[in-house]
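Accompanying notes for the structure given below.
Number of protein chains: 2
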Amino acid sequence: MSGERLVYLPLGGAGEIGMNAYVYGYGRPDQERLIVVDLGVTFGDMDGTPGIDLILPDIAWLAERRDRIEGIIITHAHEDHVGALGLVWDQLRAPIYARTFTAAIARLKLDERGGVPDSALNVVGPWPETIQLGPFSVGLVPISHSIPESAGLVIDSPQGRIVHSGDFKIDPTPVVGEPFDPAVWQEIGKSGVRALMCDSTNVFSPLPGRSEASLVENLEALLRESKGMVVATTFASNVARLQTLANAAEASGRSVCLLGRAMRRMVETAIETGLLTQFPKTIAPEDASQIPRENLLLLVTGSQGERRAAAAQLASQGYMGISLKAGDTFLFSSRTIPGNERPVSRIMNQLSEKGVDVLDDAGGRYHVSGHANRPDLETFHDLIKPQFLIPMHGEHRHLREHSKLGEAKGLRGIIATNGMMIDLSGNAPKVAEHVETGRTYLDGSVLIGGLDGIVRDRMRLALNGHVTVTVIVDEEDEPLGEPWCELMGLPARGRSKSDLVEILEAELSQFIGRADRRTIKDDEKLEKEMIRIVRQTAQAEIGKKPEVTVVVSRLA
Amino acid sequence: MSGERLVYLPLGGAGEIGMNAYVYGYGRPDQERLIVVDLGVTFGDMDGTPGIDLILPDIAWLAERRDRIEGIIITHAHEDHVGALGLVWDQLRAPIYARTFTAAIARLKLDERGGVPDSALNVVGPWPETIQLGPFSVGLVPISHSIPESAGLVIDSPQGRIVHSGDFKIDPTPVVGEPFDPAVWQEIGKSGVRALMCDSTNVFSPLPGRSEASLVENLEALLRESKGMVVATTFASNVARLQTLANAAEASGRSVCLLGRAMRRMVETAIETGLLTQFPKTIAPEDASQIPRENLLLLVTGSQGERRAAAAQLASQGYMGISLKAGDTFLFSSRTIPGNERPVSRIMNQLSEKGVDVLDDAGGRYHVSGHANRPDLETFHDLIKPQFLIPMHGEHRHLREHSKLGEAKGLRGIIATNGMMIDLSGNAPKVAEHVETGRTYLDGSVLIGGLDGIVRDRMRLALNGHVTVTVIVDEEDEPLGEPWCELMGLPARGRSKSDLVEILEAELSQFIGRADRRTIKDDEKLEKEMIRIVRQTAQAEIGKKPEVTVVVSRLA
Numbered sequence: 383m384s385g386e387r388l389v390y391l392p393l394g395g396a397g398e399i400g401m402n403a404y405v406y407g408y409g410r411p412d413q414e415r416l417i418v419v420d421l422g423v424t425f426g427d428m429d430g431t432p433g434i435d436l437i438l439p440d441i442a443w444l445a446e447r448r449d450r451i452e453g454i455i456i457t458h459a460h461e462d463h464v465g466a467l468g469l470v471w472d473q474l475r476a477p478i479y480a481r482t483f484t485a486a487i488a489r490l491k492l493d494e495r496g497g498v499p500d501s502a503l504n505v506v507g508p509w510p511e512t513i514q515l516g517p518f519s520v521g522l523v524p525i526s527h528s529i530p531e532s533a534g535l536v537i538d539s540p541q542g543r544i545v546h547s548g549d550f551k552i553d554p555t556p557v558v559g560e561p562f563d564p565a566v567w568q569e570i571g572k573s574g575v576r577a578l579m580c581d582s583t584n585v586f587s588p589l590p591g592r593s594e595a596s597l598v599e600n601l602e603a604l605l606r607e608s609k610g611m612v613v614a615t616t617f618a619s620n621v622a623r624l625q626t627l628a629n630a631a632e633a634s635g636r637s638v639c640l641l642g643r644a645m646r647r648m649v650e651t652a653i654e655t656g657l658l659t660q661f662p663k664t665i666a667p668e669d670a671s672q673i674p675r676e677n678l679l680l681l682v683t684g685s686q687g688e689r690r691a692a693a694a695q696l697a698s699q700g701y702m703g704i705s706l707k708a709g710d711t712f713l714f715s716s717r718t719i720p721g722n723e724r725p726v727s728r729i730m731n732q733l734s735e736k737g738v739d740v741l742d743d744a745g746g747r748y749h750v751s752g753h754a755n756r757p758d759l760e761t762f763h764d765l766i767k768p769q770f771l772i773p774m775h776g777e778h779r780h781l782r783e784h785s786k787l788g789e790a791k792g793l794r795g796i797i798a799t800n801g802m803m804i805d806l807s808g809n810a811p812k813v814a815e816h817v818e819t820g821r822t823y824l825d826g827s828v829l830i831g832g833l834d835g836i837v838r839d840r841m842r843l844a845l846n847g848h849v850t851v852t853v854i855v856d857e858e859d860e861p862l863g864e865p866w867c868e869l870m871g872l873p874a875r876g877r878s879k880s881d882l883v884e885i886l887e888a889e890l891s892q893f894i895g896r897a898d899r900r901t902i903k904d905d906e907k908l909e910k911e912m913i914r915i916v917r918q919t920a921q922a923e924i925g926k927k928p929e930v931t932v933v934v935s936r937l938a
Numbered sequence: 383m384s385g386e387r388l389v390y391l392p393l394g395g396a397g398e399i400g401m402n403a404y405v406y407g408y409g410r411p412d413q414e415r416l417i418v419v420d421l422g423v424t425f426g427d428m429d430g431t432p433g434i435d436l437i438l439p440d441i442a443w444l445a446e447r448r449d450r451i452e453g454i455i456i457t458h459a460h461e462d463h464v465g466a467l468g469l470v471w472d473q474l475r476a477p478i479y480a481r482t483f484t485a486a487i488a489r490l491k492l493d494e495r496g497g498v499p500d501s502a503l504n505v506v507g508p509w510p511e512t513i514q515l516g517p518f519s520v521g522l523v524p525i526s527h528s529i530p531e532s533a534g535l536v537i538d539s540p541q542g543r544i545v546h547s548g549d550f551k552i553d554p555t556p557v558v559g560e561p562f563d564p565a566v567w568q569e570i571g572k573s574g575v576r577a578l579m580c581d582s583t584n585v586f587s588p589l590p591g592r593s594e595a596s597l598v599e600n601l602e603a604l605l606r607e608s609k610g611m612v613v614a615t616t617f618a619s620n621v622a623r624l625q626t627l628a629n630a631a632e633a634s635g636r637s638v639c640l641l642g643r644a645m646r647r648m649v650e651t652a653i654e655t656g657l658l659t660q661f662p663k664t665i666a667p668e669d670a671s672q673i674p675r676e677n678l679l680l681l682v683t684g685s686q687g688e689r690r691a692a693a694a695q696l697a698s699q700g701y702m703g704i705s706l707k708a709g710d711t712f713l714f715s716s717r718t719i720p721g722n723e724r725p726v727s728r729i730m731n732q733l734s735e736k737g738v739d740v741l742d743d744a745g746g747r748y749h750v751s752g753h754a755n756r757p758d759l760e761t762f763h764d765l766i767k768p769q770f771l772i773p774m775h776g777e778h779r780h781l782r783e784h785s786k787l788g789e790a791k792g793l794r795g796i797i798a799t800n801g802m803m804i805d806l807s808g809n810a811p812k813v814a815e816h817v818e819t820g821r822t823y824l825d826g827s828v829l830i831g832g833l834d835g836i837v838r839d840r841m842r843l844a845l846n847g848h849v850t851v852t853v854i855v856d857e858e859d860e861p862l863g864e865p866w867c868e869l870m871g872l873p874a875r876g877r878s879k880s881d882l883v884e885i886l887e888a889e890l891s892q893f894i895g896r897a898d899r900r901t902i903k904d905d906e907k908l909e910k911e912m913i914r915i916v917r918q919t920a921q922a923e924i925g926k927k928p929e930v931t932v933v934v935s936r937l938a
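As structure tokens, this is what we get:
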């Protein structure tokens, strides 16, 4: 293969939901000019990544080829699309392109997460405007989603057109921002589309999606009929939802108060960038207590149960002087992301204990999804009429189901997961290469590899507890005194009801007393034996094999 | 209050779903004779209780009054009702009562979890048979649930009748076991019921529950139409589901193979106790490979994604020589318990990677709940017509909603959560006492208190990592050599790109070098300062404050 080729390479987001990062390339093999679409994060959790704040795709492959990167395009300002940019830009140093609002929100986030110079971030107008990035011409086409100014991409290359859907839904009445415009997409499809890379999130949702505007009536009724204070939580970035809630507040004689930094920032940015023109004047949290409860709507962060966000604080001790009581209403105008059920239900129960009425999305009255459901995906396929369908933004089961959906209509597809470089040049998409990929963790302030073993060690500590053993050996290779143990995260006593530390120390002393000089002289052997004794003794006493640190101090 | 009183005291299961333990008492205050209903567990998880296998209610209150316990009644053999019995019976030593199948399953589980002598476990026939337990007469009334021989209790006392629903649904056609019999419950209600303690699990499910028998047709169609091997997972204790699946297998020419010890044990016990009379002969796993895939149905454990169960094994490397491949079908005939979404979807994605078609309960075609939905709860209330309604078996929000449901129909209720002793003697239920309660953890082989701090320490290790610091001090209170550090679960280098251990040791050496003799002599001060230095230095380097163990070895 000596000619040019057109390739697609997902580095994140294909085989998982979160941390999106997609690469397109055109040129001779291993000399392709590259563009990067989105650089997102996902969030760590106690379950699998304790102590990890953010998880991002491993971009080593890209960093090694950074001289070939023509640009980085951000489709929209959700964390799973832009969150990694500030953390890894330094390794890529390519110009960034995004629409106005996306760029404004991205800038706020970037400033928190390391360095992207102002000059690197370029604002691009909507399609039919395009930017030329090496062999690619790229247009950012307005598409409806749960954040304003989301963009699908039209990527034209010498080997044909690619449509990269980005996250989208088909919403003719999105309340804020541009409606989905089928005519535009049909027109884009008309000139022939080689491949459609398409959002797969809701492929298992069988009914057509509902418009953001369908919530207006329900939310207005809720705010009108509620007796006390109403608190509503949703993703701060769902600006349309905030507008609907604020409208409903006005209609029911309630003042709006924004709680949580993300909420205030998002509304400010949406006003500054001209997206929100009708948003009512909000009141400051410190003035909220002056207003009768039944005249208040709080819009708060923390819909996923985040411990430090406003929702969790209100459910426990209160937030900025505001506390909830019986007769108030708390609305989750949101969907609980799988995995967050426990923290969300903790909040619900705390609210219940206070006598606060909790409403959630059960029944779909107060929330609609931002992603295209199964029939909407089919509609989109029909508008674009691509030669190849390549599902993205989904776990493997979503990608596979989406691929099947396409196949049923005669669309040729391939299931491309992270690290699979797909050659789009021929009559069928085929795997050109497998690129090593993985996950990078932000651990405190350090980026570490997902397979470095650091987090695995911490999980072992959490499961098994820790024993520190110290022993001093003198100049003659004679142990000085007895070995000492200290426990962390272990019960003080077990089966025999005696002190576990004493039992461990007795066993270790006995071993040290009997050990020959060769063992005592050999750090590695001594450590290995003492670890074995601690684990074995603990297993018998408390039914657990702890992690052990042995420190042999040799007097020199 | 010098007269007798009738009291109710939940110790587990009221304010949470899981680890049920309810106490009823009758007599003069603080001299009540007691009966205990159920002693269940819930399962620990990495998220909140790393390293903990089981969580059980703290039964200290009961243990201190064990001479007053007349008996322990087990309503049914689910882990959240019987799982703690073997672990705590030694502290209570009261006779246990259960129906035949419950007793048989309980016995199998008890033998794994410590000591309950054979003689302590008594089999009781169904209502109208009753047992006399001190001032109480107790009957075990057959009630439909997702395990055979579930019992609701009729507890008669000198101050009136209590109905304790146990876990139940209203199922006229449960496939295996006794149907819900409204006439029996109406009759029980007729003589006047003072209080109904009632299952609240599904109070938020608005539609009437569906019968187990409603699945027969769907499951038969699925097994008939599937081309390859079919694997179905459900709770092993759902004997009716196993029967339905086995029937469908027979109808579609498939042999049944049971995988997972719990699955085999449950079917064996159900056959031995006469519950299953029509179950087909199963084939051994080692013979499965002899049979064409399309003639096989595997019934397997692990519907909740349990890592070591058959489902998880089949999804990854295979199980007992059986492996899955493209064209096979995997059915989750179960609901994913909130909190288990991640492990379950991991399995689904692994299966998807193999090309196995995965079906879950989306749409309710292949699973029905074992608990009464909202309208069914109302039906039950109407049959029993209690004076008081006291919701149980639910988180706070479930109890509150259930209480409201009763109030709307004029039923007087109270929200009683764990530790609230409710006096049922008067015209309204009222809180008589708050009993100290909590959670006990099974940590390895040791029972520890939920608030002992052991698990909290382990979670800190998981979040923050661990540093061991050792320093040797000689007979003259002079440090001997430099302090040493060892890391566990921490990145090797951070901001400065130098070795973290070296940076820490340099800081500690500097401190030790400058410290005055008074500090060096004072273990506590020395330790505190060194911890502070390690945490502060690490924070600057890696953005994390580790847990620290300091060992000061003094040569004496």
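Here the protein sequences come in this chain order: A and B.
Taking the numbering used here, the leading residue of the first sequence gets 383, the next gets one more, and so forth.
Taking the numbering used here, the leading residue of the second sequence gets 383, the next gets one more, and so forth.
Note that beta-carbon positions come from the ideal geometry of N, C-alpha and C, so glycine has one too.
Remember, predicted model here, so these are calculated numbers, not experimental data.
* What in chain B is Cβ-close to HIS376(A), meaning under 8 Å? -> Chain A is shown from 383 up to 938; residue 376(A) falls before or after that span and cannot be answered.
* Asked: Are the region 427-444 of chain A and the region 804-819 of chain A touching by the rule of at least three beta carbon pairs closer than 8 Å?
  -> Yes, since at least three Cβ pairs between the region 427-444 of chain A and the region 804-819 of chain A fall closer than 8 Å, the two stretches touch.
* Determine the closest residue to SER827(A) out of GLY394(A), ASP581(A), LEU436(A), with distance taken between C-alpha atoms. => It is LEU436(A).
* Asked: Would the C-beta of SER807(A) count as close to the ligand SAH, meaning under 7 Å from any of its heavy atoms?
  -> With respect to small molecules bound, the structure shown includes none, and the ligand SAH cannot be examined in it.
* Cβ-based burial, GLY895(A) [other Cβ within 10 Å; buried from 16] -> Exposed is the call here.
* Contacts around LEU641(B), its chain only, beta-carbon distance under 8 Å, and the 5 residues preceding and following it disregarded -> These residues qualify, in order along the chain: PRO667, LEU680, LEU681, VAL682, THR683, ALA692, LEU696, TYR701, MET702, ILE704.
* **Chain-ordered neighbours of PRO432(A) on chain B, where CB pairs are closer than 7 Å** => Chain order gives the chain B residues near PRO432(A) as ALA844, LEU845, where near means a beta carbon separation below 7 Å.
* To do: For ILE513(B), decide whether its Cβ has a neighbour in chain A, counting only Cβ atoms nearer than 8 Å.
  => No, no contact with chain A.
* **Min CB distance HIS778(B) to chain A below 8 Å** => By this cut-off, HIS778(B) is an interface position.
* To do: With DSSP as the reference, label PHE518(B) as helix, strand or coil.
  => Three-state DSSP puts PHE518(B) in a strand.
* Where the beta strand (DSSP E) containing LEU658(A) begins and where it ends -> Run containing LEU658(A): none; DSSP gives neither H nor E here.
* How about the region 621-637 of chain B and the region 655-666 of chain B: do they share at least three Cβ pairs that are nearer than 8 Å? -> Yes: the two stretches touch, three or more of their Cβ pairs being nearer than 8 Å.
* Select from the region 812-846 of chain A all residues with a C-beta closer than 7 Å to any C-beta belonging to chain B, and list them in chain order. => Within the region 812-846 of chain A, the residues whose Cβ lies closer than 7 Å to some Cβ of chain B are ASP825, GLY826, SER827, VAL828, ILE830, ILE836, ASP839, ARG840, MET841, LEU843, ALA844, LEU845, ASN846, listed in chain order.
* **Of the listed residues SER519(B), PHE770(B), ASN755(B), ALA622(B), nearest to GLU452(B) (C-alpha basis)** => Nearest option by C-alpha distance: SER519(B).
* Coarse secondary structure for SER935(A), derived from DSSP in three states -> Here SER935(A) sits in strand by DSSP.
* To do: List the DSSP bridge partners of ASP825(A).
  => As computed with DSSP, ASP825(A) is found in a beta bridge with ILE434(A), VAL828(A).
* Asked: How about PRO865(B) and VAL855(B): are their beta carbons less than 8 Å apart?
  -> For PRO865(B) and VAL855(B), no; Cβs fall outside 8 Å.
* Beta-carbon separation (whole angstroms), VAL933(B) vs GLU868(A), contact threshold 8 Å -> Contact holds; Cβ gap of about 6 Å.
* Note down, in chain order, every chain B residue with its Cβ under 8 Å from the Cβ of GLY721(A). => The contacting residues are GLU723, ARG724.
* Taking ILE478(A) and LEU467(A) to be in contact with their CB atoms under 8 Å, please state how far apart those CB atoms are, rounded to whole angstroms. => Separation of the CB atoms of ILE478(A) and LEU467(A) is rounded to 7 Å, and the pair is thereby assigned contact status at 8 Å.
* In chain order, what residues of the same chain lie with their CB nearer than 6 Å to the CB of SER727(B), ignoring the 5 residues before and after it? -> Nothing listed; no residue qualifies.
* Using a C-beta to C-beta distance shorter than 7 Å, which residues of chain A count as neighbours of PHE586(B)? -> Within chain A, the residues placing a beta-carbon under 7 Å from that of PHE586(B) are ALA744, ordered along the chain.
* Which listed residue (GLU607(B), MET645(B), LEU624(B), ARG576(B)) has its alpha carbon closest to that of ILE772(B) -> Out of GLU607(B), MET645(B), LEU624(B), ARG576(B), the CA that lies nearest to the CA of ILE772(B) is found in ARG576(B).
* DSSP on ASP581(B), reduced to helix/strand/coil? -> Note: ASP581(B) maps to strand in three-state DSSP.
* Asked: From LYS812(A), ARG782(A), GLY808(A), pick the residue whose C-alpha is nearest to that of ASP581(A); which is it?
  -> Comparing Cα positions, the closest option is ARG782(A).
* For my contact list, TYR390(B) and ILE804(B) are in at a C-beta cut-off of 8 Å; report their separation, rounded to the angstrom. => About 5 Å separates the Cβ atoms of TYR390(B) and ILE804(B), confirming a contact at the 8 Å cut-off.
* Asked: Does LYS879(A) come within less than 8 Å of chain B when only Cβ atoms are used?
  -> No, LYS879(A) lies away from the interface with chain B (no Cβ there is under 8 Å from its Cβ).
* Asked: Which residue from LYS910(A), GLY426(A), VAL621(A), ASN402(A) puts its Cα closest to that of ASN722(A)?
  -> The residue among LYS910(A), GLY426(A), VAL621(A), ASN402(A) with its C-alpha nearest the C-alpha of ASN722(A) is GLY426(A).
* **Through-space distance from THR424(A) to LEU872(B), alpha-carbon basis** => Cα to Cα, the separation comes out at about 21 Å.
* **Chain-ordered chain A contacts of LEU937(B) [CB-CB under 7 Å]** => Going along chain A in sequence order, the residues near LEU937(B) (Cβ under 7 Å) are LEU862.
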